[in-house]
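Presented below is the structure to which this report refers.
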Amino acid sequence: MDSSMMFVAFLLCLSAGTILAEDPYLFFDWKVTYGTISPLGVPQQGILINGQFPGPTINCTSNNNIIVNVFNQLDEPFLLTWAGIQQRKNSWMDGTLGTMCPILPGRNFTYKLQVKDQIGTYFYFPTTAFHRAAGGLGMIQVQSRDLIPIPYDRPADEFAVLLGDWYNKGHKTLKKTLDSGHTIGLPDGIQINGKSGKVGDSAAEPLATMEPGKTYKYRICNVGLRISVNFRFQGHIMKLVEIEGSHTVQNAYDSLDLHVGQCLAVLVTADQSPKDYYFVASSRFSKIQLTSVAIIRYANGKGPASPELPPPPPQHVAGIAWSVNQFRSFRWNLTSNAARPNPQGTYHYGKINITRTIKLANFRGAHDGKLRFGINGVSHQNPSTPLKIAEYFGKPDLAFINYDLLKDEPPKEISTSVVTGSVVVNATFRNFVEIIFENQEKTIQTWHLDGHSFFAVAIEHGKWSPEKRKNYNLLDAVSRNTVQVYPNSWAAILTTLDNAGMWNLRSEMAERAYLGQQLYFSVLSPGRSTRDEYKHSP
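If you count by our numbering, then the sequence shown holds residues 1 to 538, one letter each, in order.
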């Protein structure tokens, strides 16, 4: 073989190697333990991951394979779910009690995930018992690959902010309260990255340090249990750039509402006098007003933050109208890369025929004299055998699955005497579905769908009817995985159920989900092919 032919052969081998190369792997070993934490200054038992609360941040790049080996050193079973990470074809790793057996005390389990085209901000949290009230949660940051540019200059740095309401009572006490048939009531405060700051506390460590003239990205998630939060930066404007994996039209905001379970990212430029400023988080749509602050520090700045905090948005009826208008201002950036299912804005969801409409009404009731929450008159109960396993082996009776228990329409009158069971809804693979969330209660709701993104096309006051479709945003609604529903209002989402598996739709209000306000979509591939869904993972 002459030298020219050898060179061609070398290039072919190099090309083949490049084509067949796997995406990069990131490996994590996590030890889950109890430890003393004091988010509101009151010591209590928390759940730590590698001794941390909040837990370690997963900083990865789209298409990375994520291997997380979780060692459960608690005295009770434990599971983690990956809120918003869609896990294509793999509900076996979803980390919910409907799809997996929990990790027993003293045992370990290795999660195997791949973050696909999901550039954005997410978080993980526990799904067993009432562990979410104790910690065990952290941020997931999915970066863009170098070959896919982001639609703004790369920031000087980025900061993870996990905030939300907090209870001083321990998670076991709260669980016991729920199991006895009572509500856990209102929270005691708001934590920001595991701390609750007060105005004037000069000894507090800064949440972030910025250099004058530079721009920074803040990834912010509401990881609380029940209360919506509004956040703002004292003296600074925020530019919204991403919501749950979708780049947005870059509008500027003085403050932003963030409902339970939701994540977003903003850019903040250090363009003010170099000194300290406050990051402020306050409760929304609640009977109590809770506020917490954290310090944003300028490098080499001089002077404390002003005690005059930026005011919150209006409350009550005017506040709902303000918040709805803010939701309507969120638009997908169709000229840049975006999360599945709409790379480069090519997926014209507004032109697809709806194949099924499902109306879901949340409610509060009782079963055997104990508090329950549910959907369309039915309250979900987790069986001892995970639903996914029972269905996979053709033994639905093992998990008491009744596919007809929940109807596509709520009953005209929902009885306060609740029907309970394993709520699984059969769904047709790749159908384009419209889901209407109806909230006839006086409290705000947030809903999340595992394994899928959806288009949040409308939120309005009153009751939904087919005529309301003329008000849908069918052009550039943000593709996301959570949506809020205001009191006495409705929200509409559109999604393609193209991810085969068993996927959890739940209230993000932890009390409500624990007491039954959730269901599972069974999305089966007709051919049962591994192209559509991975086989059972032991």
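Cβ coordinates follow ideal geometry from the N, Cα and C atoms, glycine included.
>> According to DSSP, Ser522 sits in a beta bridge with which residue or residues?
In response: Asn426 and Met502
> Taking Tyr218 as the reference, which of Leu162, Thr248 and Ser202 has the closest Cα?
Replying inline: Leu162
> Assuming Lys388 contacts Thr99 under a Cβ cut-off of 8 Å, what Cβ separation, rounded to an integer in Å, is found between them?
Replying inline: About 4 Å; that satisfies the 8 Å criterion.
> Since Asn230 is in the beta strand (DSSP E), which residue starts that stretch and which ends it?
Replying inline: Asn230 -> beta strand (DSSP E) spans Ser228 to Phe233.
>> Just verifying my parser: in three-state terms, what is the DSSP assignment at Asp179?
In response: Helix at Asp179.
> According to DSSP, which residues form a beta bridge with Ile49?
Replying inline: Val32 and Gln52
> DSSP three-state call for Leu11: helix, strand or coil?
Replying inline: Its pLDDT being 41, under 50, Leu11 is placed unreliably by the model, and nothing is read from it.
>> Using 8 Å as the cut-off, can you tell me whether the stretch 416 to 429 makes contact with the stretch 135 to 144, which would need three or more C-beta pairs spanning the two stretches below that distance?
In response: no
>> I'd like to know if the stretch 84 to 92 and the stretch 523 to 537 are in contact, where contact means that at least 3 CB-CB pairs between them fall below 8 Å.
In response: The stretch 84 to 92 vs the stretch 523 to 537: in contact.
>> Which residue marks the beginning of the beta strand (DSSP E) containing Gln517, and which one marks its end?
In response: No beta strand (DSSP E) contains Gln517, which DSSP labels as neither H nor E.
>> Given this structure, state the Cα-to-Cα distance separating Tyr216 from Ala270, to the nearest angstrom.
In response: 8 Å
> What beta strand (DSSP E) runs, 3 residues minimum, are completely inside the stretch 122 to 208?
Replying inline: 138 to 143, 158 to 166 and 189 to 192
> In terms of residue numbering, what span does the alpha helix (DSSP H) encompassing Ile566 cover?
Replying inline: In the structure displayed, the chain extends from 1 to 538; residue 566 sits before or after that span and is not available.
> Would you say Val249 and Gly164 are within 8 Å of each other, going by their C-beta atoms?
Replying inline: no
>> According to DSSP, is Asn471 part of a helix, a strand, or is it coil?
In response: helix
> Can you list, in chain order, the residues of its chain whose CB lies under 7 Å from that of Ile401, leaving out five sequence neighbours each side?
Replying inline: Leu387, Ala390, Glu391, Ser422 and Val424
> Is Thr495 buried or exposed, if buried means 16 or more other CB atoms sit within 10 Å of its CB?
Replying inline: buried
> How many whole angstroms separate the CB atoms of Gly84 and Glu242, which I take to be in contact at a CB cut-off of 8 Å?
Replying inline: Going by Cβ atoms, the distance from Gly84 to Glu242 rounds to 12 Å, so no, they are not a contact pair.
>> Give me, in chain order, the residues of the same chain whose beta-carbon lies closer than 6 Å to that of Leu258; leave out the 5 immediate sequence neighbours on both sides.
In response: Excluding positions up to five away in sequence, the list reads Asn222 and Val229.
> Cα separation between Ala339 and Gln118?
Replying inline: At Ala339 the pLDDT is 48, less than 50, meaning the model places this residue with poor confidence and gives no usable figure here.
> Thr148 to Ala366, Cα distance in whole Å?
Replying inline: Reading the sequence as shown, one finds Ile at residue 148 and not Thr. Whole-angstrom Cα-Cα distance: 51 Å.
> If we ignore side chains and look at the alpha-carbon of each, how far apart do Asn473 and Ala458 end up?
Replying inline: 7 Å
> DSSP state of Tyr392, grouped into three classes?
Replying inline: Look at Tyr392 here: in three-state DSSP terms it is helix.
> In terms of alpha-carbon separation, which member of Asp75, Val523 and Asn471 lies closest to His452?
Replying inline: Val523
> Using the C-alpha atoms, what's the distance from Pro39 back to Trp166?
Replying inline: Cα-Cα distance, rounded: 8 Å.
> Mind checking Arg284: buried by the 16 CB within 10 Å criterion, or exposed?
Replying inline: buried
> Apart from the five residues on each side of it in sequence, which residues of its chain come closer than 6 Å, Cβ to Cβ, to His461?
Replying inline: Ser489
> Leaving out the 5 sequence neighbours to the left and right, which residues in its chain are closer than 6 Å to Ile352 when beta-carbon positions are compared?
Replying inline: Phe432
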